[in-house]
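Student: My questions all concern the structure below.
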Amino acid sequence: VFDRIEEMRDAMQSLILPPPARQALAQAALTYRYGDEHRPVTTADILTPRRREDYGKDLWSTYQTIQENMLKGGISGRSAKGKRIHTRAIHSIDTDIKLNRALWVMAETLLESQR
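Residues in the sequence shown are numbered from 6 upward in steps of one, following our numbering.
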């Protein structure tokens with residue numbers, strides 16, 4: 006299992022994503038998390054890296070950035086009523102696993118479509 010993950014990581018690191026593909030991955034992540042309801046943050050917000058290591062434009066860095074921003078929360082945004090808010094971190098193990106699995110499948114699908 007870990008060998009497969011390493012292979013996927015290496016493949017994702019070798020794939021440089023054009024901005025529309027990065028935006029599409031972020032949009033899919035926001036849709037998964039918030040559904041069709043109001044989204045308190047934008048794709049640009051969740052594509053902003055927190056760590057220096059994630060400043061690459063490859064699929065792996067993009068995946069890591071989106072994952073960290075979605076799980077940790079704390080991103081400034083606006084509520085449906087226009088009030089300033091910060092996104093909440095995910096503390097539920099079940100929700101964490103579901104989100105991670107969904108993000109991984111999205112990244113794998115994007116990788117396969119770009120090959």
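Don't be surprised by glycine CBs; every beta carbon is placed ideally from N, CA and C.
All of these numbers come straight from a predicted model, not from anything done at the bench.
1. Quick check: the stretch 93-113 against the stretch 25-42, are at least 3 beta-carbon pairs closer than 8 Å?
2. Could you name the residues of the same chain whose beta carbon sits closer than 7 Å to that of Pro45, not counting the 5 residues immediately before and after it, in chain order?
3. Quick one: which unbroken alpha helix (DSSP H) runs of 4-plus residues sit fully inside the stretch 7-63? Chain order, please.
4. Closest by CA to Ala94, which one among Asp8, Glu113, Lys86 and Glu73?
5. Checking 7 Å against the spacing of the C-beta atoms, do Ile21 and Asp59 come in under that value?
6. Assuming Leu116 and Ala26 make a contact with CB atoms under 8 Å, what is their CB distance in whole Å?
Tutor: Taking the definition as stated:
1. The stretch 25-42 is in contact with the stretch 93-113.
2. Cβ neighbours of Pro45 within its own chain (closer than 7 Å, five residues either side excluded): Gly82, Arg83, Ser84, Ile90 and Thr92.
3. Correct list: 7-19, 24-39 and 48-51.
4. The alpha carbon of Ala94 has as its nearest neighbour, out of Asp8, Glu113, Lys86 and Glu73, the alpha carbon of Glu73.
5. Not a contact, by the Cβ cut-off of 7 Å.
6. With a beta-carbon spacing of about 10 Å, Leu116 and Ala26 fall beyond the 8 Å limit used to define contacts.
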